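Each number in the numbering used here corresponds to the 1-based position in the sequence shown with 126 added.
A virtual CB, placed ideally from N, CA and C, is assigned to each residue, including glycine.
No experiment lies behind these values; they were computed from the predicted model shown.
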Amino acid sequence: MLTNLAVRDIETLVHPYTNLAVHREVGPLVLERGKGVYVYDVSGKDYIEGMAGLWCTSLGYSNEELCDVAYEQLKKLPFTHIFSGRSHDPAIELAEKLKEIAPVPISKVFYGASGSDANDTQVKLVWYMNNALGRPKKKKIISRLKGYHGVTVASASLTGLPANHTDFDLPLPGILHTSSPHHYRFAQPGESELDFSARLAAELDEMIQREGPDTVAAFIAEPVMGAGGAVTPPEGYFEAINAVLAKYDILFIADEVITGFGRTGEMFGTTTYKMKADTLSCAKALTSAYFPLSAVLINEPVYEVLVDQSRKIGTFGHGNTYAGHPVGCAVAVKTLEIYQRDRIIEHVRKVAPTFLQRLTRLAEHPLVGEARGVGLIGGVELVKDKASKAQFEAKKAVAAKSVSFAQDEGLILRAMGGDRVAFCPPLVITEAEIGEMFDRYERALARTLDWVKA
Ligand code: PLP
């Protein structure tokens with residue numbers, strides 16, 4: 127029986143990333159409030175937010191300091207744009223802080239409002255820069271199958287998932303995809319992680335050779351693939367990729383939209399995996415999701431090209447109204463202050479062993495083929511047969527079923543293609559809450575097994 131709110135939802139909303147035919151029958155989960163790592167629906171039922179919203183509410187719910195700073199900024203100056211040389215204190219302070227903590231030398235910060243627009247900015251910067259440098263052929267960008275970089279036309283092209291391409295006439299020409307570095311699923315029998323990494327780097331090298339090194343401008347990667355299934359890179363992967371990119375003078379864009387600000391147990395995933403990135407895209411935990419804000423961190427050579435072009439042709443013609451929104455910047459400054467003051471990264475390192483121990487214990491379950499993670503992000507892959515790694519039929523949607531049982535048990539998770547389920551709780555989660563989260567998922571898995579067998 128649908129509630130009144132559910133009926134009104136169905137009558138009015140088109141939900142992103144939702145099977146709308148199913149939604150029309152079952153209706154939404156309507157959440158009302160949150161506290162710490164818990165959210166509550168309109169009936170008062172509690173759920174552990176095992177996905178930190180969408181990989182983003184790193185400081186959990188109802189953080190009074192973030193609410194206060196947003197309110198104060200709203201009262202003082204709710205909006206000013208930063209076009210045409212205008213600026214404001216929170217935008218400047220935040221950029222200073224980001225430069226200070228960036229994992230690679232960064233010269234300047236370009237703001238946006240979402241991870242997708244940050245990655246669109248990256249694409250446009252690459253194209254603009256190579257035009258300016260008189261290399262109009264050097265425009266191709268390589269990303270990875272199962273990588274996720276957003277949904278706008280350029281960032282959806284970078285994304286390596288069929289659902290973002292099929293029926294949208296994407297990817298754009300000049301955006302190419304190399305193999306996913308998921309060892310469990312794509313390594314050859316008996317192939318070590320190091321050998322797999324070397325093979326993928328050789329494949330990238332061949333792709334660049336085939337396309338012509340003078341036509342390939344950039345490579346983009348998430349340190350840990352999020353929507354591709356919370357996939358951590360195999361040993362030696364980014365070291366091998368770094369070497370290929372350096373050989374052909376190819377810009378390395380790190381998509382830190384999920385991994386930025388402590389998720390992997392370091393401030394940035396770039397550091398965890400020794401990625402020699404040139405530029406970074408950040409969003410989500412930048413404001414702990416209390417306000418939509420993204421930041422592209424660019425290096426000095428890219429910035430110098432922008433200045434030089436401004437001298438020659440005038441305005442750099444890119445940016446959106448809400449880029450560097452004062453409320454978002456004020457919230458982000460406070461968020462970064464809290465990360466440092468409350469030693470959030472130390473906290474992640476302290477609780478990560480419990481998280482990873484409970485996560486990997488899931489692999490003992492008959493349905494779980496693989497469990498992998500780092501810091502406070504991880505995933506499992508559900509399989510029909512553990513020995514052969516055979517998958518269930520996609521339309522059976524076994525992972526989605528386990529996530530719906532989890533929701534019944536009071537835990538919000540996310541199912542992804544290939545029957546993968548991600549765990550990405552708020553960074554402030556305690557060891558006891560981690561235990562409760564996995565207890566709830568273990569109950570959900572038991573129910574999933576009964577359902578599969580029935
Ligand atoms: N990049 C990564 C790695 C992401 O996970 C996401 C979203 O989940 C994006 C980019 C796109 O961000 P947004 O949804 O804010 O546009």
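Separation of residue j from residue i, as counted between CA atoms
i: Ile-136; j: Leu-128; result: 10 angstroms
i: Lys-400; j: Ile-367; result: 10 angstroms
i: Leu-146; j: Val-152; result: 10 angstroms
i: Ala-580; j: Ile-470; result: 44 angstroms
i: His-214; j: Glu-329; result: 46 angstroms
i: Phe-564; j: Lys-264; result: 48 angstroms
i: Gly-286; j: Arg-270; result: 6 angstroms
i: Lys-510; j: His-309; result: 18 angstroms
i: Gly-170; j: Arg-159; result: 9 angstroms
i: Glu-535; j: Leu-571; result: 11 angstroms
i: Val-453; j: Ser-323; result: 42 angstroms
i: Asn-189; j: Leu-462; result: 13 angstroms
i: Thr-405; j: Ala-132; result: 43 angstroms
i: Leu-575; j: Leu-508; result: 10 angstroms
Where residue i sits in the DSSP three-state scheme
i: Ser-528; result: helix
i: Cys-408; result: strand
i: Thr-304; result: strand
i: Arg-498; result: strand
i: Arg-270; result: strand
i: Met-351; result: strand
i: Leu-377; result: strand
i: Ile-208; result: coil
i: Asp-583; result: Coverage of the chain is limited to positions 127 through 580, which leaves residue 583 absent and any answer about it impossible.
i: Ala-415; result: coil
i: Leu-287; result: coil
i: Phe-481; result: helix
i: Ala-516; result: strand
i: Leu-537; result: strand
Exposure label - residue i; buried when at least 16 CB within 10 Å
i: Val-428; result: buried
i: Lys-515; result: exposed
i: His-141; result: exposed
i: Pro-231; result: exposed
i: Gln-248; result: buried
i: Val-156; result: exposed
i: Phe-481; result: buried
i: Pro-229; result: buried
i: Asn-256; result: buried
i: Phe-209; result: exposed
i: Thr-148; result: Residue identity check: residue 148 is Val in the sequence provided, not Thr. Flag for Val-148 reads exposed.
i: Phe-394; result: buried
i: Ile-439; result: exposed
i: Ser-436; result: exposed
i: Ala-327; result: buried
i: Asp-295; result: exposed
Whole-angstrom C-beta distance between residue j and residue i, which should lie under 8 angstroms
i: Pro-551; j: Gly-176; result: 5 angstroms
i: Tyr-274; j: Met-351; result: 7 angstroms
i: Lys-266; j: Leu-302; result: 6 angstroms
i: Ala-347; j: Val-252; result: In fact, because the Cβ distance is near 14 angstroms, the residues do not count as touching under 8 angstroms.
i: Ala-525; j: Ala-513; result: Rounded, the Cβ-Cβ distance is 20 angstroms, inconsistent with contact.
Sheet register partners of residue i (DSSP bridge)
i: Pro-167; result: According to the sequence as given, residue 167 is Asp; it is not Pro. In the DSSP output, where bridge partners are listed per residue, Asp-167 has Leu-157.
i: Leu-185; result: Its beta-bridge partners do not exist; DSSP assigns none.
i: Arg-546; result: Glu-507, Met-542
i: Gly-162; result: Tyr-187
i: Ser-420; result: Gly-238
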